[in-house]
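Written out below as structure tokens is the structure these notes cover.
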Amino acid sequence: RQTHQKPRNHKRLGIMGGTFDPIHYGHLVAAEMARNEFELERVIFIPTGAPPHKTGRKIASSEFRYDMVSLAIADNELFDLSRIEIDRIGPTYTVDTLHMMQEQYADYELYFITGADAFREIFTWRNPNEVLEITQFIGASRPGFDAFVFLNQLQQEHPEFYERMHFLEVPALAISSTDIRLRVRKEQSIRYLLPEPVRLFIKEKGLYHE
Ligand code: ATP
Ligand code: MG
Numbered sequence: 048r049q050t051h052q053k054p055r056n057h058k059r060l061g062i063m064g065g066t067f068d069p070i071h072y073g074h075l076v077a078a079e080m081a082r083n084e085f086e087l088e089r090v091i092f093i094p095t096g097a098p099p100h101k102t103g104r105k106i107a108s109s110e111f112r113y114d115m116v117s118l119a120i121a122d123n124e125l126f127d128l129s130r131i132e133i134d135r136i137g138p139t140y141t142v143d144t145l146h147m148m149q150e151q152y153a154d155y156e157l158y159f160i161t162g163a164d165a166f167r168e169i170f171t172w173r174n175p176n177e178v179l180e181i182t183q184f185i186g187a188s189r190p191g192f193d194a195f196v197f198l199n200q201l202q203q204e205h206p207e208f209y210e211r212m213h214f215l216e217v218p219a220l221a222i223s224s225t226d227i228r229l230r231v232r233k234e235q236s237i238r239y240l241l242p243e244p245v246r247l248f249i250k251e252k253g254l255y256h257e
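Residue 128 in the numbering used here sits at position 81 of the sequence shown; the count goes up by one each step and never skips.
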């Protein structure tokens with residue numbers, strides 16, 4: 048599909064939302080390949096505050112997660128970081144964030160970047176129709192999460208959304224924050240799964256030990 052290559056007069060902004068507990072190379076590769084493929088001017092990483100889907104688990108403090116993203120993207124001038132969700136009080140929903148981004152970046156067309164798992168779950172989000180009116184979606188391939196069935200169904204049932212949801216094959220990385228946290232707890236190596244400054248930060252702060 049070539050929908051993203053239509054002539055256009057809007058600048059494009061990528062948004063990469065996530066818990067980033069911790070950020071790892073899976074996130075960074077997805078963001079970079081999306082930026083490159085869809086000609087996004089920049090990608091803004093938005094760490095979640097209190098994630099509505101993850102209220103069961105104890106997550107690292109917003110400040111630690113923010114600091115880790117900051118360390119991870121420091122060497123890429125096309126990547127940025129926003130406090131928009133972590134500074135908001137109460138549960139944060141992507142739809143609210145997108146409304147604020149839309150206002151702040153009125154000249155831009157927004158592209159929300161996810162992995163294949165989040166991509167195929169879009170209809171479980173709050174106000175998916177509204178979300179898809181504000182932003183296009185890019186779903187990066189992720190091992191273990193096939194998007195083919197989802198995309199087929201979407202094309203049949205919601206052709207208007209199908210046009211705004213783009214699946215992107217990236218060099219797939221079977222890395223997850225869950226696995227990294229488990230490895231730290233078991234005192235296994237996490238080297239090369241995430242940027243070295245992030246690994247050192249986790250060690251220094253003693254994150255994920257219990
Ligand atoms: P957790 O295991 O805690 O859920 P995670 O590794 O899935 O962590 P999240 O912060 O939940 O990371 O993910 C943020 C976004 O990054 C989501 O859209 C997710 O699909 C995407 N993502 C995470 N890991 C990868 C990966 N290895 N490849 C592609 N996309 C990824
Ligand atoms: Mg996840």
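By construction, the Cβ of each residue, glycine as well, lies at the ideal position given by its N, Cα and C atoms. Note that the structure is predicted; figures quoted are calculated from it, not measured.
- Within the region 71-136, the complete beta strand (DSSP E) segments at least 3 residues long are 89-94 and 126-128, listed from N- to C-terminus.
- The count of Cβ pairs closer than 8 Å, one atom from the region 57-68 and one from the region 81-99, reaches three, so the stretches are in contact.
- Tyr-152 and Pro-218 have their C-alpha atoms some 30 Å from each other.
- Where Leu-198 is concerned, the enclosing alpha helix (DSSP H) starts and stops at 195-204.
- Annotation: Leu-125 to Met-148 spans about 17 Å, alpha carbon to alpha carbon.
- Remark: the C-beta of Ile-93 is outside contact range of the ligand ATP, defined as less than 7 Å to any heavy atom.
- The closest CA to that of Phe-85, considering only Met-212, Lys-105 and Asp-193, is found on Met-212.
- Measuring C-alpha to C-alpha distances from Lys-105 to each of Ala-221, Ser-117 and Thr-225 identifies Thr-225 as the nearest.
- If one requires a minimum length of 3 residues, the beta strand (DSSP E) runs lying completely within the region 159-246 are 182-187 and 212-215, in chain order.
- Here Glu-257 carries a coil assignment [DSSP, helix/strand/coil].
- Counting only the Cα atoms, Ala-165 lies some 22 Å from Ser-108.
- DSSP places Thr-139 in no alpha helix (DSSP H); its state is neither H nor E.
- Here the residues close to the ligand ATP, judged by CB distance below 6 Å to any of its heavy atoms, are Gly-65, Thr-66, Phe-67, Asp-68, Gly-73, His-74, Ala-77, Thr-161, Gly-162, Asp-164, Ala-165, Ala-187, Arg-189, Leu-220, Ile-222, Ser-223, Ser-224 and Thr-225 in chain order.
- Pro-69 and Met-115 have their C-alpha atoms roughly 7 Å apart.
- At the C-beta level, Ile-160 and Ile-133 stay beyond 8 Å of one another.
- Ile-62 is bridged by DSSP to Ile-91 and Phe-159.
- For Ser-236, the number of other beta carbons within 10 angstroms of its own is below 16, and it is reported as exposed.
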